[in-house]
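Going letter by letter, the first sequence gives residues 172 to 635 in the numbering used here. Idealized CB from N, CA, C, for every residue including glycine. Single-structure report; data block below.
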Amino acid sequence: MSNVRVRFAPSPTGFFHIGSARTALFNWLYARHTGGTFILRVEDTDQARNSEQFLKLIYDSLTWLGMDWDEGPSPDGSGERGAYGPYRQSQRGAVYEKYKQQLLAGGRAYEKDGAVWFKLLGDRYTVFDDHRKKEVEKVKTAPVVIEDLIRGRVARQEDEDFVIFRSDGNPVFHFVNVVDDIEMKISHVIRGEDHLSNTSKHVRLYEGFGVPAPLFAHIPLILKSPEMGQGKMSKRDKGALIEEYQQRHFLPEALVNYLSLLGWNPGDDREKMLIADIIKLFDLPAVNQSNAKFDGKKLANMNMTYLLEQPADRFVGLARNYFKAQPNGAAVLADEAWFREVMLLAQPKIKSVDELGAYTVYFFTEDFPIDAKVKDKVMAKGDPKSRLAELIAAVPGMDFSSDAAIEAAIKTLAEGRGLGFGDYQAVARLAITGTNAGPSITAIFRVLGRERILARLQRFLGAA
RNA sequence: GCCCCUAUCGUCUAGCGGCUAGGACAGGAGAUUCUCAUUCUUCAAACCGGGGUUCGAUUCCCCGUGGGGGCACCA
């Protein structure tokens, strides 16, 4: 067990964002890499915007992604574990009060306009701030120098007193963040670069409390992809919410793998990696300094490569979860053995689990759609109606015992007329599945069975 | 406006003074396959600009420019 203690400190004020997930991930990876402690702390001081629903979403998303926390609220929200609680800021009022009194008593804070302000040390002067369009009091101070683990030395001037308790009596972010990091003995603050400018405030606060500051590591931000526009990813952007991937039944390890590569790399060409290897290889100095744009296509590709190699049981389980949430789910799942067979036929073909519904409809209903474009194309080539009639004649006597037997039968039929397998395949597929994409036609014959194949062929020919 | 961070193919990135600037996703072409997809081969694609430092800069420094973030009694 190392002395590394890191925390992920989200606010339950909105959906769980991909940027938050990445920050959580880097903290978690660092804790696991170093054998340290990963803490979840809920920053719910903004009573107006907090909600229990969003809090639950944080627990669920972290759990889904496989980021377990050593201290913090329990995943079901019922209690908590760890020696430095409570882990919800809304329950830490007494702690903040104590630290406020300490500053007040030491002359490092004062009241003004009903709020409590942190007092900087140095000579004071007044200037007109043309950004805020008002007179402000400034303080001459030495620059705050931060030795950031990712950015190197960063110097920034902090030259204005700032509010630490609002006039409504509630403490502000900068204050509670620092107090809790002290109380929870946080060793490394790993957070988004958007906090880099805040860090000078935080360092002054640590000084005010007479406590050494933790080490800082400011990670790059995730930006919109070029199609989405400019700026950092916001909750409005497509693909920005973890919930979305969960609903689409992405593999969490694929998402984690992709996220780990946004701003970090193992130092060689490896991209697809086991979580265990990512943990082993991850380190703070290897994190990039520049922001990364989100690429949904690369994520989708990562998800597909994971999907292709899933063991049958896991894939079928994933498929089952997906269909449970579909309107026709109960019917699809009715016959377990058959469901499994169909899903395993689809596994090597699909790119994501949420394609499964459309990809396998015709296995579960006679009322499947016919793709008009595919129909036009297939029916325009050769003499498909004759091929269909020939198949209808042959199917009753065909050996359906294996894919190989079916393939042999169709080939024999084709050769007898100087044709190829393909001349039957396309039109049979169209008649039986309504599309041109799918598993091998022989497997479809075998799984659907003689009666249904024959019925579909006849029905299609009759309508054509 | 002020402050901070940052800059290699469209995108994620490797490179840590001397390389035909490498890989991956996306895109193009081809091969394999009963379709589709996978897979394989292959093509196209980048060092933001200007000054330095150096025998030599993608690499180090400075200045621009571009991108990002921050400047609240939000977090």
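query, result
"Exposed or buried, what is threonine 194 when buried is set at 16 or more other beta-carbons lying within 10 Å of its beta-carbon?", "buried"
"Taking the alpha-carbon positions, what's the leucine 200 to isoleucine 450 distance?", "5 Å"
"How many whole angstroms separate the CB atoms of leucine 559 and leucine 628, which I take to be in contact at a CB cut-off of 8 Å?", "6 Å"
"Using 8 Å as the threshold, is the region 391–404 in touch with the region 454–462, meaning 3 or more CB pairs across them?", "yes"
"In the DSSP assignment, find the beta strand (DSSP E) that holds phenylalanine 289 and state where it starts and stops.", "286–289"
"If you draw a straight line from the C-alpha of proline 610 to the C-alpha of isoleucine 521, how long is it?", "10 Å"
"Three or more C-beta pairs under 8 Å: does that hold for the region 462–481 against the region 494–510?", "no"
"Between the region 272–292 and the region 227–236, do at least 3 Cβ pairs fall closer than 8 Å?", "no"
"Do threonine 370 and arginine 324 come within 9 Å of each other at the CB atom, strictly closer than that value?", "no"
"Examine the ligand NAP and report whether any of its heavy atoms sits within less than 8 Å of the Cβ of isoleucine 353.", "Ligands displayed in this structure: none; no statement on the ligand NAP is therefore possible."
"Three-state secondary structure (DSSP) at lysine 403?", "strand"
"Per DSSP, what kind of secondary structure is glycine 190 in: helix, strand or coil?", "helix"
"Between methionine 238 and proline 181, what straight-line distance do the alpha-carbon atoms span, to the nearest angstrom?", "14 Å"
"In three-state DSSP terms, what is glycine 363?", "strand"
"Can you tell me whether DSSP reads valine 349 as helix, strand or coil?", "helix"
"What ranges does the beta strand (DSSP E) occupy inside the region 377–425, keeping only unbroken runs of at least 3 residues that lie completely in it?", "386–390"
"Does the beta-carbon distance from tyrosine 533 to isoleucine 446 come in below 9 Å?", "no"
"Check whether the Cβ atoms of aspartate 330 and leucine 291 lie closer than 9 Å to each other.", "yes"
"Kindly provide the ranges of any alpha helix (DSSP H) runs that are 4 or more residues long and lie completely inside the region 508–552, ordered along the chain.", "527–535, 543–550"
"Work out the CA separation of histidine 420 and alanine 483 for me, nearest whole Å.", "16 Å"
"In chain order, which beta strand (DSSP E) runs of at least 3 residues are fully inside the region 210–254?", "none"
"Which residue from Val382, Gln224, Phe346, Leu433 puts its Cα closest to that of phenylalanine 333?", "Phe346"
"Where glycine 206 and valine 175 are concerned, what is the direct C-alpha to C-alpha distance, given to the nearest angstrom?", "7 Å"
"Give the straight-line distance between the Cα atoms of glutamate 242 and isoleucine 353, rounded to the nearest whole angstrom.", "15 Å"
"By the DSSP assignment, the alpha helix (DSSP H) with isoleucine 563 in it spans what residues?", "555–565"
"Measuring straight from C-alpha to C-alpha, what distance separates glycine 277 and isoleucine 357?", "24 Å"
"Give the DSSP bridge partners of tyrosine 281, in chain order.", "Trp288"
"Looking at the secondary structure, which residues open and close the beta strand (DSSP E) in which valine 298 lies?", "295–300"
"Between the alpha carbons of leucine 422 and lysine 305, how many angstroms are there, rounded?", "52 Å"
"Check whether the region 216–225 and the region 428–440 are in contact - that is, three or more C-beta pairs closer than 8 Å.", "no"
"Hey, is the region 544–551 in contact with the region 560–568, meaning 3+ C-beta pairs nearer than 8 Å?", "no"
"Determine contact between the region 248–264 and the region 281–297, defined as no fewer than three beta-carbon pairs at a distance below 8 Å.", "no"
"Excluding five sequence neighbours on each side, which residues of the same chain lie with their C-beta closer than 6 Å to the C-beta of histidine 204?", "Ile450, Phe453"
"Thinking C-beta only, is leucine 228 closer than 9 Å to glutamate 398?", "no"
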